[in-house]
Amino acid sequence: MNTNYRGIIAAAGAITPTVALVRDGNSVQREKAAGVLALLATNSDNRVAITAANGIYPLVQLIQTGNVPERVNAMSALWTLSTNDACKAVIAAAGGIPSLAKLACDVGEYQKEVAAGLLWNLSMAPENREAIAEAGGVPPLVELLRSGNAVQKMRAVGALANLVTIPECQIGVAAAGGIAPVVNLLQYGTVPQKECALTVLLHLSECSRKIQAGMVAAGAVPAVVAILYCGSDIMKQDASRVLANLSSSQDKSAIAGAGSISPLVALLWDGNSTEKLNATIALANLSMDPASRAMIAAAGGIRALVMLVRDGSDDLKERAAVALFNLTLSQENKIMIAAAGGIHALVALLQNGTKTQKRNSALALSNISLNDRYTAHSCYGDDSGAKVSTSRRSSPP
1 MNTNYRGIIA AAGAITPTVA LVRDGNSVQR EKAAGVLALL ATNSDNRVAI TAANGIYPLV
61 QLIQTGNVPE RVNAMSALWT LSTNDACKAV IAAAGGIPSL AKLACDVGEY QKEVAAGLLW
121 NLSMAPENRE AIAEAGGVPP LVELLRSGNA VQKMRAVGAL ANLVTIPECQ IGVAAAGGIA
181 PVVNLLQYGT VPQKECALTV LLHLSECSRK IQAGMVAAGA VPAVVAILYC GSDIMKQDAS
241 RVLANLSSSQ DKSAIAGAGS ISPLVALLWD GNSTEKLNAT IALANLSMDP ASRAMIAAAG
301 GIRALVMLVR DGSDDLKERA AVALFNLTLS QENKIMIAAA GGIHALVALL QNGTKTQKRN
361 SALALSNISL NDRYTAHSCY GDDSGAKVST SRRSSPP
């Protein structure tokens with residue numbers, strides 16, 4: 001159908017009788033009528049008109065009960081209609097979500113692609129996410145990540161990037177064995193696939209320690225570290241937050257050993273404000289580990305942290321002081337902190353900082369003043385870091 005004629009055909013009154021054929025026609029008529037609606041729906045005004053003509057309900061009925069050609073055309077129509085926010089709500093109200101969850105594991109490759117795309121579109125509406133989880137939509141999406149083609153993987157990970165904003169889907173992804181294929185996509189996928197995979201890991205990293213441990217076991221840390229070297233600013237921001245979250249409770253030496261220290265220190269110098277904060281939180285947590293402390297010092301982290309204590313925002317000063325406090329558990333680091341001007345910076349913070357900043361700087365200065373033969377204060381991590389907003393949603397290109 002020529003795109004120039006789609007608006008004309010609709011304006012001539014074709015939509016209402018076409019919807020009637022989808023609802024009441026024979027098999028051939030239903031198939032052809034659904035195909036016509038799929039083409040007409042590429043026009044934004046027509047999408048509104050199809051919805052107003054109650055066209056979504058018979059299309060949903062067709063994907064539930066129709067034969068394969070009928071189902072394919074109906075799904076194509078719904079796929080295009082679902083780009084409209086009002087249509088998303090109607091598709092869900094018509095009972096489309098459970099059917100799409102089943103079709104996402106259909107034998108037909110195209111049907112799986114379209115079902116995953118529909119779930120991606122529908123998941124953009126927060127009110128649909130719980131319904132997708134309840135309909136069993138997460139396991140088939142995870143399976144598409146594992147064994148689907150490139151299009152199926154893209155649409156599945158896009159849907160999951162939206163779904164993991166709710167606890168039910170976070171648990172569901174882990175329970176379905178989804179962490180490993182998400183990590184694999186972060187390592188080897190296309191840039192859009194990597195962006196969505198990183199969003200999934202970001203939300204999972206804010207979950208339980210069990211899920212965090214599953215991420216580490218699946219190799220998430222080196223995959224995320226790689227993003228710090230070659231990702232976009234948004235990806236680096238998310239990657240640094242993932243490391244900050246994981247380092248709060250997981251094996252710090254393993255995270256440091258995966259090469260995370262140097263790129264995190266680099267963000268202290270060159271990152272944007274969010275990247276700097278995330279990197280500082282991560283380094284404050286990692287500095288609780290003796291081996292990590294040595295790596296931070298070797299990577300030039302002390303000078304960068306002193307700079308943040310002196311010139312950073314209030315949040316950065318607070319967390320950088322935590323990191324320096326932990327680093328003072330090493331005599332060599334005390335010398336390096338002093339040489340970098342850290343004593344003057346910490347004293348200034350002690351004099352003029354907030355209550356928490358004063359506490360952190362006082363602890364660091366106390367450790368610096370102690371000889372090694374005396375017991376230094378124990379280190380502690382930073383679990384008060386501001387969470388990255390989870391409101392950003394994944395949308396199809």
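UniProt numbering numbers the first residue of the sequence shown as 1 and each following residue consecutively.
Virtual Cβ for every residue (Gly too), placed ideally from N, Cα, C.
Can you tell me whether DSSP reads residue i as helix, strand or coil?
{"i": "Arg-6", "result": "helix"}
{"i": "Ala-41", "result": "coil"}
{"i": "Thr-16", "result": "helix"}
{"i": "Arg-373", "result": "Confidence at Arg-373 is low in this model, with a pLDDT of 47, below 50, so the placement of that residue should be treated as unreliable; the coordinate-derived value is given next. Coil at Arg-373, not helix or strand."}
{"i": "Leu-286", "result": "helix"}
{"i": "Met-307", "result": "helix"}
{"i": "Gln-187", "result": "helix"}
{"i": "Pro-167", "result": "helix"}
{"i": "Ala-323", "result": "helix"}
{"i": "Met-124", "result": "coil"}
{"i": "residue 398", "result": "Because the chain is modelled from 1 through 397, residue 398 falls outside the range shown and cannot be assessed."}
{"i": "Ala-77", "result": "helix"}
{"i": "residue 400", "result": "Given a span of 1 to 397 for the chain in the structure shown, any question on residue 400 remains unanswerable."}
{"i": "Asn-84", "result": "coil"}
Report the option in the options whose CA atom is closest to the CA atom of residue i.
{"i": "Val-347", "options": "Ser-361, Pro-98, Val-138 and Gly-108", "result": "Ser-361"}
{"i": "Arg-23", "options": "Arg-6, Gln-64 and Arg-47", "result": "Gln-64"}
{"i": "Thr-354", "options": "Asp-314, Lys-334 and Ile-343", "result": "Asp-314"}
{"i": "Pro-222", "options": "Leu-62, Gln-111, Lys-334 and Leu-186", "result": "Leu-186"}
{"i": "Phe-325", "options": "Val-138, Thr-18 and Ala-364", "result": "Ala-364"}
{"i": "Ala-115", "options": "Leu-350, Ile-8 and Val-72", "result": "Val-72"}
{"i": "Lys-317", "options": "Pro-290, Trp-79, Glu-168 and Ala-345", "result": "Ala-345"}
{"i": "Leu-37", "options": "Gly-341, Trp-79 and Tyr-188", "result": "Trp-79"}
{"i": "Glu-127", "options": "Leu-163, Leu-144 and Arg-146", "result": "Leu-163"}
{"i": "Trp-120", "options": "Arg-146, Leu-81, Ala-94 and Val-107", "result": "Leu-81"}
{"i": "Pro-192", "options": "Cys-207, Ala-217, Ala-150 and Val-173", "result": "Ala-150"}
{"i": "Ala-217", "options": "Ile-227, Ile-179 and Gly-158", "result": "Ile-179"}
{"i": "Ile-227", "options": "Ser-248, Leu-198, Asn-26 and Leu-308", "result": "Leu-198"}
{"i": "Ile-343", "options": "Ser-369, Val-19 and Asn-285", "result": "Ser-369"}
{"i": "Ala-320", "options": "Gly-214, Leu-264, Met-124 and Pro-290", "result": "Leu-264"}
{"i": "Arg-303", "options": "Leu-277, Asp-270 and Ala-340", "result": "Ala-340"}
{"i": "Glu-195", "options": "Ala-175, Gln-212 and Asp-233", "result": "Asp-233"}
{"i": "Asp-311", "options": "Leu-349, Ala-291 and Thr-274", "result": "Leu-349"}
Excluding the five sequence neighbours on either side, which residues of its own chain have a C-beta within less than 7 Å of the C-beta of residue i, listed in chain order?
{"i": "Gly-219", "result": "Val-183"}
{"i": "Arg-373", "result": "With a pLDDT of only 47 at Arg-373, under 50, the local geometry of the prediction cannot be trusted, and the value read off the model is given with reservation. Excluding residues within five positions, none has a Cβ falling inside 7 Å."}
{"i": "Ala-77", "result": "Ala-34, Leu-37, Ala-38, Ala-41 and Leu-59"}
{"i": "Ala-323", "result": "Thr-280, Leu-283, Ala-284, Ser-287 and Leu-305"}
Since residue i and residue j should fall inside the 8 Å C-beta cutoff, what is the C-beta to C-beta distance between them, to a whole number of angstroms?
{"i": "Ala-131", "j": "Ile-171", "result": "Their Cβ separation, rounded to whole angstroms, is 16 Å, which puts Ala-131 and Ile-171 out of contact at 8 Å."}
{"i": "Ala-86", "j": "Leu-59", "result": "Not quite, the Cβ-Cβ distance comes to about 15 Å (not below 8 Å), so this is no contact."}
{"i": "Ile-337", "j": "Val-306", "result": "7 Å"}
{"i": "Ala-244", "j": "Ala-282", "result": "4 Å"}
{"i": "Leu-267", "j": "Ser-240", "result": "6 Å"}
{"i": "Ala-297", "j": "Asn-333", "result": "5 Å"}
Residues in its own chain within less than 8 Å of residue i by CB, not counting five upstream and five downstream?
{"i": "Asn-84", "result": "Ser-44, Arg-47, Val-48 and Thr-51"}
{"i": "Ala-10", "result": "Leu-40, Asn-43, Asp-45, Asn-46 and Ala-49"}
{"i": "Leu-21", "result": "Gln-29, Arg-30, Lys-32 and Ala-33"}
Report all residues from its chain with a CB closer than 6 Å to the CB of residue i; omit the five preceding and five following residues, and keep chain order.
{"i": "Val-242", "result": "Leu-201, Leu-202, Ser-205 and Val-224"}
{"i": "Arg-293", "result": "Ser-287, Leu-327 and Ser-330"}
{"i": "Pro-139", "result": "Ala-176"}
{"i": "Leu-6", "result": "Looking at the sequence shown, residue 6 is not Leu but Arg. Correct list, in chain order: Leu-40 and Asn-43."}
{"i": "Ile-335", "result": "none"}
Would you say the beta carbon of residue i comes nearer than 6 Å to a heavy atom of the ligand SAH?
{"i": "Met-235", "result": "By its list of ligands, the structure shown contains no ligand whatsoever, and the ligand SAH lies outside what it can speak to."}
**Study point:** Three or more C-beta pairs below 8 Å linking the segment 49 to 65 and the segment 85 to 92
**Key:** Taking 8 Å as the limit for Cβ pairs, the verdict is that the segment 85 to 92 does touch the segment 49 to 65.
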